[in-house]
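Input: a single structure, listed below in structure tokens.
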Amino acid sequence: MLRVITLLTRTSPKKVIFQLMDYPVPADKTLSDYNFPQFPDTLHYLYKLSVEGPRRSEDNVITIIFLTELLNNFFKDPFPEEFLVLFRNWVNDSDPAVSKLSLQKIASMAPVINEIENVCSLLISILDAFLSQDKTVVIRALMTLRRLLGKLDKVTYSSLCTRIACSYCPLMDHINGGIRSMAIRHFGELLRDMSQYTWMLNDVVFGGLVPLILFLEDTEARVVKACKHTLEICASELKWSTSYLLKDEHYSFELVVLNICNNLVSDPSGFTTTRVIEGTLKDIQSDEKHDEQGI
């Protein structure tokens, strides 16, 4: 082991990781069971390499894999802030592979999320990943955030819930059906999590109703199912009588829209949303007529 670790200061990360992969460590042992004096130098080298950034994307991926494995074997989650900040920065790396590796490690820290310093900064970096042009990064970011929110203390959660909800809204209209359905479903889960803070989210909920209603008519079944799921949560939290209309045996798109609009009219802050819904539906009907006429 000492020979392999010593190589780290003299060779490329790629060669070192293959050396470690070949090193015979018993199944019931980890690297931390071996005492080697080069560990501080090894960690310092990797940290420096991570901060400076290797020139090649391939080396960047190898570095994050190796650093993660090394830290996993010598520190309990969460990692010290000095290293955690690297993973936070990697979330929005230009290389999708690096972003996903970082998000994967952050997701594994869910059980200790409340022990992390600057947890809000970490969560915001994940929200920034929602803007990625790579759909696999967006999906991984959605999954990671949902896993963390399931363990996050309610005080911290409530301080960010409006920002998180607003970040879901653009994804609810995403061109990718998988992202669209996941964002819609997670929007609903957030409302359920924050049931004690519904008053903070009313404006965001009213704004989110437009895509939720429109995508009830989506061509993808998973999107329609997600819309019904989230609308049921909205109706429950807002004390509306819409839920039964979303059941398959009673479902009617027109009746659902009418019911929601009637509930919005009775709420002063929902009046604008009603007008937006009406205008959007008229535009859709107009487009359908044009399509039928071949215009």
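Numbering-wise, full-length UniProt numbering puts 259 at position 259 of the sequence shown, and it's gapless, one number per residue.
Glycine included, C-beta positions come from ideal geometry on N, C-alpha and C.
None of these values were measured; they are calculated from a predicted model.
| Check | Outcome |
| --- | --- |
| So, Met-172 versus Ile-184, is the Cβ gap smaller than 8 Å? | yes |
| Compute the distance between the beta-carbons of His-186 and Tyr-197, then report whether it is under 8 Å. | no |
| Tell me where the alpha helix (DSSP H) around Glu-81 begins and ends. | 81-90 |
| Can you give me the start and stop residues for the alpha helix (DSSP H) that Asp-128 sits inside? | 119-129 |
| Does DSSP put Pro-96 in a helix, a strand or coil? | helix |
| Can you name the start and end residues of the alpha helix (DSSP H) that Ile-113 belongs to? | Counting along the chain, Ile-113 falls outside any alpha helix (DSSP H), and DSSP gives it neither H nor E. |
| So, Ser-102 versus Trp-90, is the Cβ gap smaller than 8 Å? | yes |
| Residue ranges of each alpha helix (DSSP H) run of no fewer than 4 residues wholly in the stretch 134-207, ordered along the chain? | 135-149, 154-171, 177-193 |
| Grab the span of the alpha helix (DSSP H) containing Phe-253 for me, first residue to last. | 253-265 |
| From what residue to what residue does the alpha helix (DSSP H) around Lys-225 run? | 221-238 |
| Please tell me whether Thr-63 and Leu-46 are closer than 8 Å, where the distance is taken between their beta carbons. | yes |
| Can you tell me whether Pro-211 is helix, strand or coil according to DSSP? | helix |
| Kindly indicate which three-state DSSP category Lys-247 falls into: helix, strand or coil? | coil |
| With DSSP as the reference, label Thr-242 as helix, strand or coil. | coil |
| Please name the residue in Phe-253, Ala-110, Trp-199 whose C-alpha comes closest to that of Ser-158. | Trp-199 |
| Near Leu-191, which residues of its chain fall below 6 Å by C-beta distance, leaving aside the five closest residues on each side in sequence? | Ile-233, Glu-237 |
| Here's a check: name, in chain order, each residue in its chain whose Cβ is nearer than 8 Å to the Cβ of Val-204, leaving out the five neighbours to either side. | Thr-162, Ala-165, Cys-166, Cys-169 |
| Taking Pro-96 as the reference, which of Ala-129, Asn-72, Glu-81 has the closest Cα? | Ala-129 |
| Which term fits Thr-116, buried or exposed, when burial requires 16 or more other beta carbons within 10 angstroms of its beta carbon? | This sequence places Ile at residue 116; Thr is not what is there. When all chains shown are included, Ile-116 counts as buried. |
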